[in-house]
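Chemist:
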Amino acid sequence: IPVSCGIYTLANDKVLDQLIALLNSIETNSPGYPVCVIPYDDNTEKLAAVIEQRPDHVTLFDDMAAIERWEAFAAEIWASHPTALESWGDRGVQGVNRLGMHRRFCAFDGPFERYIYLDADTLVLDKLDSIFAPLDDWDWVVYDFQYKDVTHVFNAESPQLPTLFTAEQLTHIFCAGMYASRRGVFTAEQLSWILEQLKSEAGVLYINGPDQSIVNYMVLKLGLSVHNLSQQLPPDRRTGCCVTSPHFERHFEGKVAYLCDRGNRLTYLHYIGLSSKYFTRLCQGENLDFAYRDVFLHYRYLHAPDEQPQFTGPPQPLVRRQTRLEKGVNQIKSFFKTSLRS
664 IPVSCGIYTL
674 ANDKVLDQLI
684 ALLNSIETNS
694 PGYPVCVIPY
704 DDNTEKLAAV
714 IEQRPDHVTL
724 FDDMAAIERW
734 EAFAAEIWAS
744 HPTALESWGD
754 RGVQGVNRLG
764 MHRRFCAFDG
774 PFERYIYLDA
784 DTLVLDKLDS
794 IFAPLDDWDW
804 VVYDFQYKDV
814 THVFNAESPQ
824 LPTLFTAEQL
834 THIFCAGMYA
844 SRRGVFTAEQ
854 LSWILEQLKS
864 EAGVLYINGP
874 DQSIVNYMVL
884 KLGLSVHNLS
894 QQLPPDRRTG
904 CCVTSPHFER
914 HFEGKVAYLC
924 DRGNRLTYLH
934 YIGLSSKYFT
944 RLCQGENLDF
954 AYRDVFLHYR
964 YLHAPDEQPQ
974 FTGPPQPLVR
984 RQTRLEKGVN
994 QIKSFFKTSL
1004 RS
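664 is the number of the first residue of the sequence shown in my numbering; add one for each residue after it.
(1) Between Ser-821, Ser-893, Leu-885 and Leu-824, which lies nearest to Ala-851 when the distance is taken from Cα to Cα?
(2) Pull the bridge partners of Gln-979 from the DSSP assignment, please.
(3) Taking the alpha-carbon positions, what's the Ile-935 to Val-906 distance?
(4) Quick one: what's His-916 bridged to in DSSP?
(5) Ile-779 lies in the alpha helix (DSSP H); which residues open and close that run?
(6) What's the gap between the Cα of Gln-947 and the Cα of Gln-971?
(7) By DSSP, does Cys-769 sit in helix, in strand, or in coil?
(8) Work out the CA separation of Thr-826 and Thr-707 for me, nearest whole Å.
(9) Which first and last residues belong to the beta strand (DSSP E) in which Pro-702 is found?
(10) Taking the alpha carbon of Leu-883 as the point to measure from, which residue in Trp-803, Cys-923, Ser-793 and Asp-899 has its own alpha carbon closest?
(11) Looking only at DSSP bridge pairs, what is Ala-843 linked to?
(12) Gly-936 by DSSP, collapsed to three states: which one?
(13) List the DSSP bridge partners of Ile-670.
(14) Can you tell me whether Arg-928 is helix, strand or coil according to DSSP?
(15) Taking the alpha-carbon positions, what's the Asp-975 to Ser-939 distance?
(16) State the DSSP-derived secondary structure class of Val-646, mapped to helix, strand or coil.
(17) So, for Arg-984: in the same chain, excluding its five sequence neighbours on each side, which residues have a beta-carbon less than 8 Å away from its beta-carbon?
(18) Tell me which residues share the same chain as Pro-697 and place their Cβ nearer than 6 Å to its Cβ, disregarding the 5 neighbours each side in the sequence.
(19) Answer with buried or exposed for Arg-766, where buried requires no fewer than 16 other C-beta atoms within 10 angstroms of its C-beta.
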């Protein structure tokens, strides 16, 4: 493994259980790559202590100048958006919603020459060489099926969208939970140009996935070459990657746990859409049920099996079903609210 290759993730104390599971999965299934954890915010006391206990190749990103530079970049973009700040303000958000998510952009000028970015709610289940290798010929490498749904990347209702990107370009959109690229893929001049363009084009951005929308815009706007393994691999070798797919087959072999999709081993699993609070509650001993929780628990407690919670009885669904009485009460409340407004 070239020393110039590494992995970034983004975390704070709220996602500590997920981060530990991610680090253990990388160590088990794709060892040798250094990992740099970018702090989501200042809530990192426990995070820093965990990293201190890890091997030397796991570090905490501490370039505050880079963090401030990328936060300012994001803030300038969203100040140009016609409705974002007002919409977020109506929700009680001051300034840019989920500003810390934009800190993942620090990877663009971080220590690794080539890198993979992974969200903390991810597990690595196979070697990552297949993600790094295409960077010999491509600017950007992904492995997901986000291209099937533009609505979580751009504002599909914006009349500007079809004037800015062709239908073919939009087949290159991707989930920002996992991607690979190179340091310096965006030059200072290009970033200044992006900011200038977005003064009049920011309305195409999707405000509920702010960082994802921006990075997709930059990649498409600058015409970077995108290699998506879900489109390039033969159909019989492709796998899914999201917890929302219920058909993956579990395999446990000693310290190794992995998933297969029709006989093909997943490169990674993204627990997308699951709040960090569920992982915290699970690790605190609450018998919560979600897909592939056993694989998560395997890696979370890989080096501390005695600390893993022992559950009794059937696991509880994340969303409790309402009783008939509760449904009736809610219907009555809804009726009176509607009557008062009319």
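All C-beta atoms, glycine included, are put in the ideal place defined by N, C-alpha and C.
Modeler: The structure says:
(1) The count along the sequence shown starts at 1 and reaches residue 851 at position 188. When C-alpha distances from Ala-851 are compared across Ser-821, Ser-893, Leu-885 and Leu-824, the shortest belongs to Leu-885.
(2) For the purposes of this step, residue 979 is identified with residue 316 of the sequence shown, where counting begins at 1. DSSP, once it has assigned bridges, lists Leu-951 as partnering Gln-979.
(3) Reading the sequence shown from its first residue, position 272 is the one you call residue 935. Reading the sequence shown from its first residue, position 243 is the one you call residue 906. Distance between the alpha carbons of Ile-935 and Val-906 is about 7 Å.
(4) On the sequence shown, position 253 is the one that residue 916 refers to. Checking the sequence shown, residue 916 turns out to be Glu, not His. Its beta-bridge partners are Val-919.
(5) Indexing the sequence shown from 1 puts residue 779 at position 116. Segment 777-781 is the beta strand (DSSP E) holding Ile-779; no alpha helix (DSSP H) there.
(6) Along the sequence shown, one-based indexing puts residue 947 at 284. Along the sequence shown, one-based indexing puts residue 971 at 308. Answer to the nearest angstrom: the Cα atoms are 9 Å apart.
(7) As a position in the sequence shown, residue 769 is number 106, starting the count at 1. Correct three-state label for Cys-769: helix.
(8) As a working note, residue 707 is residue 44 in the sequence shown. As a working note, residue 826 is residue 163 in the sequence shown. Using only the alpha carbons, I get a separation of about 43 Å.
(9) Taking the first residue of the sequence shown as position 1, residue 702 is located at position 39. Pro-702 -> beta strand (DSSP E) spans 698-702.
(10) Residue numbering aside, residue 883 sits at position 220 when the sequence shown is read from its first letter. Cα-wise, what sits closest to Leu-883 is Trp-803.
(11) Taking the sequence shown and counting its residues from 1, the one referred to as residue 843 is at position 180. Beta-bridge pairing by DSSP links Ala-843 to Ile-779 and Val-804.
(12) Counting from one through the sequence shown, the residue named residue 936 turns up at place 273. Gly-936: coil per DSSP, three-state reduction.
(13) Translated into positions along the sequence shown, residue 670 becomes position 7. Ile-670 pairs with Val-698 and Ile-779.
(14) One-based indexing of the sequence shown puts residue 928 at position 265. Strand, per DSSP.
(15) Taking the sequence shown and counting its residues from 1, one reaches residue 975 at position 312. Taking the sequence shown and counting its residues from 1, one reaches residue 939 at position 276. As written in the sequence, residue 975 is Thr, which differs from the Asp given in the question. Just so you know, the alpha carbons of Thr-975 and Ser-939 end up roughly 23 Å apart.
(16) Shown here, the chain extends from 664 to 1005; a query on residue 646 therefore has no answer.
(17) Taking the first residue of the sequence shown as 1, we reach residue 984 at position 321. Below a pLDDT of 50, predicted positions are generally treated as unreliable, and Arg-984, at 49, falls in that range; the measurement from the model is reported next regardless. If we look at Arg-984 and ignore the five residues flanking it on each side, it has no Cβ neighbours.
(18) Stepping through the sequence shown from its first residue, residue 697 is reached at position 34. Taken in chain order, the residues that qualify are Gly-669 and His-720.
(19) Taking the sequence shown and counting its residues from 1, the one referred to as residue 766 is at position 103. That one is buried.
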